[in-house]
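J.: Have a look at this one before I ask anything.
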Amino acid sequence: MENELENTSLSQAEKKEIERSTPVPRNDKPVLHGDVKTPSSNICETESSKYSVGSNQGDTNVTPNARTAPTLEGSLPIAMQKKIQEIENALSEEPINKEALKELAKSEGGLISDALRKRVWPLILDIDTRLATCAPSQEELEAHEEYKQVVMDVNRSLKRFPPNIPSDQITLLQDQLTRLIMRVIIKHPQLRYYQGYHDVAVTFLLVVGEDVAFQIMEKLSTGHFKDYMEPTMDETSYLLNFVYPLIQRMNPALFEYMERAEVGTIFCLEWPLTWYGHSLKQYRDIVRLYDYFLVSPPLLPLYLAAAMVVHRQDEIFAEECDMACIHNLLSKIPDGLPFESLLKQANSIYEKYPPLSIEAEVKERFEEELRRRRGIQTRPRAPVPFHPRWQWQQPWNRFVPHWIAIPVMGAGPRVRVRVILLTATMVGLYAWLRMAEAVPVDGSLSVR
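Using the UniProt record's numbering, read the sequence shown as starting at 1 and increasing by one per residue.
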């Protein structure tokens, strides 16, 4: 392995990280790395290679094609070695060839390893990692209205952290993640935190460390994720409506089937909000998508959603034409999806049907959705015809407490409750009067 990598410009640490990314035979157990000892607040920055590609549940950062590519004995696949060298060449140019890095991030396999991502991600986002900002104090964090919600979400995100590390190390990572998120929303008060934002932040935290992750999240929150961080969900709901016009163009029969079942868009809500980080089980798939999304237009995750739905058309048609059945199927992303081909398809659809070309349909669907929503909220109740037996209510209501008073029109649930209360009161009063009659002045019960 080392002999094969001698001719590249990788550091020793990067070579070891790439070696950990090499496919592991199915019958072999993945190597478990040692505990992290570094007490630094930027632990992820110094230890991310330990907890990247090859160590996540036996996961590797190698595409299916790379697994079967011709290899040199005991070394990385030739195609992967070639791509690593291309990335290194782009990094070594003066000035750094950012356009080449963007193309390499999109092309098959992405940026190969977290060691390379740590170097490339800030560059393709035009982030200067030398610039540092002071983090708010703990008192400032806790005083923010979103702090408790962020802490609850972070505490529920244990599955996103590397396996086989001590609990105190997880606590440190959670503290970093909480601080990272709060730094963004404190600096930009116009942005509203949403559940799922932490799934995005944790990916960058694990790869580049807290300080650079803050810069990346700040950049994305004022760009790619800006529409999702509005005070209301209206903009998010609007954007989700891009999925159906795309499905209609790709597969009209599938579109009609899903429309007839009234599936809606909630099944894919978390996909663009988290860049699929909450829905995917394999770490390698998550970081591969992040490679692609970072150099793509903001709406590309929605185009990928449409491509994924069409890819699963056989499963959908096998389900009953029922909203609950299809929603349950689509809301769970199965393992083993061919993300390389799906990303290419999503990009092709984007070029063929850019957002402006379908925006009129999206707007129409959204307005119809709003009308239905408002109709449910403001739908007038059918009037209940007046019945003669209720004509005694008005004079009665003047002499009884308000909690017993019966409305003149209709006999809904509240009427029944009031009648029960009135009946119980009358029965109790009657019983008390009977008891008073039975007890003489001297307090002894009369014997009949």
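All C-beta atoms in this analysis are idealised placements derived from N, C-alpha and C, irrespective of residue type, glycine included.
For clarity, every value in this text was computed on a predicted model and none was experimentally measured.
1) With a cut-off of 8 Å on the beta carbons, I'd call Phe242 and Pro355 a contact; round off their distance for me.
2) Can you give the Cα-Cα distance for Lys37 and Pro162, rounded to whole angstroms?
3) Please list, in chain order, all residues of the same chain as Val184 whose beta carbon is under 6 Å from its beta carbon, the five residues on each side excluded.
4) If contact is defined by three or more beta carbon pairs under 8 Å, each pair taking one atom from either stretch, is the segment 292–302 in contact with the segment 335–355?
5) Is residue 497 helix, strand or coil when you go by DSSP?
6) Under the assumption that Leu180 contacts Glu145 (Cβ atoms under 8 Å), give the Cβ distance between them as a whole number of angstroms.
7) In terms of residue numbering, what span does the alpha helix (DSSP H) encompassing Pro122 cover?
8) Can you tell me where the alpha helix (DSSP H) holding Cys325 begins and where it ends?
9) In terms of residues, what are the limits of the alpha helix (DSSP H) holding Gln215?
10) By a C-beta neighbour count over all protein chains shown, 10 Å radius and 16 as the cutoff for buried, is Val309 buried or exposed?
11) Give every residue of the same chain whose Cβ lies closer than 6 Å to the Cβ of Gln215, excluding the five residues on either side of it in the sequence, and list them in chain order.
12) What is the DSSP secondary structure of Pro272, reduced to helix, strand or coil?
13) Using three-state DSSP, classify Gly428 as helix, strand or coil.
14) I'd like to check one pair, Met182 with Leu141: are the Cβ atoms closer than 9 Å?
15) Which residues in the same chain have their Cβ closer than 8 Å to the Cβ of Tyr193, if we skip the five residues on either side of it in sequence?
16) If you drop the 5 nearest sequence neighbours on each side, which residues of the same chain put their C-beta closer than 7 Å to that of Thr202?
17) Quick check: does the Cβ of Leu299 come within less than 8 Å of any heavy atom belonging to the ligand HEM?
18) Go to residue 456, then tell me how far its alpha helix (DSSP H) extends in each direction, as first and last residue.
19) Following the continuous alpha helix (DSSP H) through Thr236, name the residue where it begins and the one where it ends.
20) Quick check on this structure: which residue in Ile266, Pro122, Asp114, Val207 has the alpha carbon closest to the alpha carbon of Leu302?
21) Kindly indicate if chain B contains any beta-carbon less than 9 Å away from that of Glu94.
22) With a CB to CB cut of under 8 Å and the five nearest residues on each side skipped, what residues in its chain are close to Glu262?
23) Once the 5 residues before and after Glu86 are set aside, which same chain residues still bring their CB inside 8 Å of it?
24) Taking C-beta to C-beta, are Lys98 and Thr133 nearer than 9 Å?
25) Could you tell me the alpha carbon to alpha carbon distance between Ile316 and Pro338, rounded to whole angstroms?
26) Note the first and the last residue of the continuous alpha helix (DSSP H) segment covering Leu101.
27) Could you check the C-alpha separation between Ser341 and His311 for me, to the nearest Å?
28) Using DSSP with H/G/I as helix, E/B as strand and the rest coil, what is Glu45?
29) Please return the same chain residues whose Cβ sits closer than 6 Å to the Cβ of Leu173, not counting the five positions on each side in sequence.
30) May I ask which residues mark the beginning and end of the alpha helix (DSSP H) holding Tyr228?
31) Might you give, ordered along the chain, the residues of its own chain that have their beta carbon closer than 6 Å to the beta carbon of Gly110, omitting 5 neighbours on each side?
32) Use the C-beta contact count for Thr274: other C-beta atoms within 10 angstroms, 16 or more gives buried, fewer gives exposed.
33) Would you identify the three-state DSSP class for Ala255, choosing helix, strand or coil?
34) Go through its chain and collect everything with a Cβ distance to Ala424's Cβ below 7 Å, but skip five positions before and after it.
T.: For this structure:
1) Residue numbering aside, residue 242 sits at position 242 when the sequence shown is read from its first letter. Residue numbering aside, residue 355 sits at position 355 when the sequence shown is read from its first letter. With a Cβ gap of about 7 Å, Phe242 and Pro355 count as contacting.
2) Sequence index remark: in the sequence shown, residue 37 carries index 37 (1-based). Sequence index remark: in the sequence shown, residue 162 carries index 162 (1-based). Residue confidence for Lys37 is low, a pLDDT of 34 falling below 50, so the modelled location carries little weight; the figure read from the coordinates is stated next. Between Lys37 and Pro162, the C-alpha separation is close to 15 Å.
3) Mapped onto the sequence shown, residue 184 falls at position 184. Excluding sequence neighbours, Val184 sits near Met217, Glu218, Ser221.
4) yes
5) The first residue shown for the chain is 1 and the last is 448, placing residue 497 beyond what the model contains.
6) Residue 180 sits at position 180 when you count from the first residue of the sequence shown. Residue 145 sits at position 145 when you count from the first residue of the sequence shown. Between Glu145 and Leu180 the Cβ distance is about 18 Å, and since that is not below 8 Å, they are no contact.
7) Position 122 of the sequence shown holds residue 122. 114–124 is the span of the alpha helix (DSSP H), which, as asked, contains Pro122.
8) Against the sequence shown, residue 325 aligns to sequence position 325. Start and end: 323–330.
9) Numbered from its first residue, the sequence shown carries residue 215 at position 215. Looking at the DSSP string, the run of the alpha helix (DSSP H) that includes Gln215 is 210–221.
10) Numbered from its first residue, the sequence shown carries residue 309 at position 309. Its Cβ being crowded by 16 or more others within 10 Å, Val309 is buried.
11) As a first step, residue 215 is located in the sequence shown; it is residue number 215 there, counting from the start. Result list for Gln215: Ile127, in chain order.
12) Against the sequence shown, residue 272 aligns to sequence position 272. Three-state result, Pro272: helix.
13) Here the question's residue 428 lines up with position 428 in the sequence shown. Correct three-state label for Gly428: helix.
14) Indexing the sequence shown from 1 puts residue 141 at position 141. Indexing the sequence shown from 1 puts residue 182 at position 182. Cβ distance < 9 Å, so Leu141 and Met182 count as in contact.
15) Position 193 of the sequence shown holds residue 193. Within the same chain, Tyr193 has close Cβ partners Glu146, Gln149, Val150, Ile181, Ile185, Met229.
16) As a first step, residue 202 must be located in the sequence shown, where it is residue number 202. Note that residue 202 is Val in the sequence shown here, rather than Thr. So the list reads Ser157, Arg160, Leu177, once near-sequence residues are dropped.
17) The ligand HEM is not part of the structure shown, which contains no ligands of any sort.
18) This structure cannot settle anything about residue 456, because the visible part of the chain is limited to 1 through 448.
19) Sequence index remark: in the sequence shown, residue 236 carries index 236 (1-based). Segment 234–240, the alpha helix (DSSP H) holding Thr236.
20) Counting from one through the sequence shown, the residue named residue 302 turns up at place 302. Per the Cα distances, Ile266.
21) Among the chains of the structure shown, chain B does not appear; only one protein chain is present.
22) Against the sequence shown, residue 262 aligns to sequence position 262. Excluding sequence neighbours, Glu262 sits near Met323.
23) The residue you call residue 86 lines up with position 86 of the sequence shown. Contacts found: Ala100, Leu104.
24) Stepping through the sequence shown from its first residue, residue 98 is reached at position 98. Stepping through the sequence shown from its first residue, residue 133 is reached at position 133. No, the Cβ-Cβ distance between Lys98 and Thr133 is not below 9 Å.
25) For this step, residue 316 is matched to residue 316 along the sequence shown. For this step, residue 338 is matched to residue 338 along the sequence shown. Ile316 and Pro338: Cα-Cα distance of roughly 18 Å.
26) In the sequence shown, the residue the question calls residue 101 occupies position 101. Per DSSP, Leu101 belongs to the alpha helix (DSSP H) from 98–106.
27) Start at 1 with the first residue of the sequence shown, and residue 341 comes out as number 341. Start at 1 with the first residue of the sequence shown, and residue 311 comes out as number 311. Rounded to the nearest angstrom, the two C-alpha atoms are 10 Å apart.
28) On the sequence shown, position 45 is the one that residue 45 refers to. Bear in mind that the predicted position of Glu45 carries a pLDDT of just 40, short of 50, making it too unreliable to give a figure here.
29) Position 173 of the sequence shown, counting from 1, holds the residue named residue 173. Only Phe161 meet the Cβ criterion.
30) For this step, residue 228 is matched to residue 228 along the sequence shown. Note, Tyr228: premise wrong, no alpha helix (DSSP H); not H, not E.
31) If you number the sequence shown from 1, residue 110 lands on position 110. Result list for Gly110: Arg288, Asp291, in chain order.
32) Taking the first residue of the sequence shown as position 1, residue 274 is located at position 274. Buried.
33) What you label residue 255 is simply residue 255 of the sequence shown in a count that begins at 1. Residue 255 is actually Phe in this sequence, not Ala. Residue state, collapsed to three classes: helix.
34) Position 424 of the sequence shown holds residue 424. Taken in chain order, the list of residues that qualify is empty.
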